[in-house]
Amino acid sequence: MKYSYNWLQLFFKKKLPNPEKLAELLSLHFAEVEEIKKAEGDFVLEIDVRPNRASDCFSHLGVAREIGA
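Reading the sequence shown from the start, the letters are residues 29 to 97 in the working numbering.
Given below as structure tokens:
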């Protein structure tokens, strides 16, 4: 699934790590970031959620919750 970095940032008061660092952290914990693209002042992360996390992370809100955890 594709996720907007700026959209994910809306869920947090603190600044998220830069997209590359965020991709690294996500890959270590629950998903694989396949690609990071720059698009019109934003970054788009292509995130492949692992099957064991599909029930809670197959949505944009689920990924935002996981980042917050």
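Ideal Cβ positions, reconstructed from N, Cα and C, are used throughout, including at glycine.
Only a predicted model underlies this, so the values are computations on that prediction, with no experimental measurement involved.
- DSSP places Glu52 in the helix class (H, G or I) of the three-state scheme.
- One Cα belongs to Pro45, the other to Cys85, and the distance between them is close to 20 angstroms.
- Here Glu74 has Lys30, Glu62 and Glu63 as same chain residues with Cβ atoms under 6 angstroms from its own Cβ, once five neighbours each way along the sequence are excluded.
- Beta-bridge partners of Lys30 (DSSP): Glu74.
- In terms of Cα proximity to Pro79, the closest of Val72, Lys66, Glu60 and Ala67 is Glu60.
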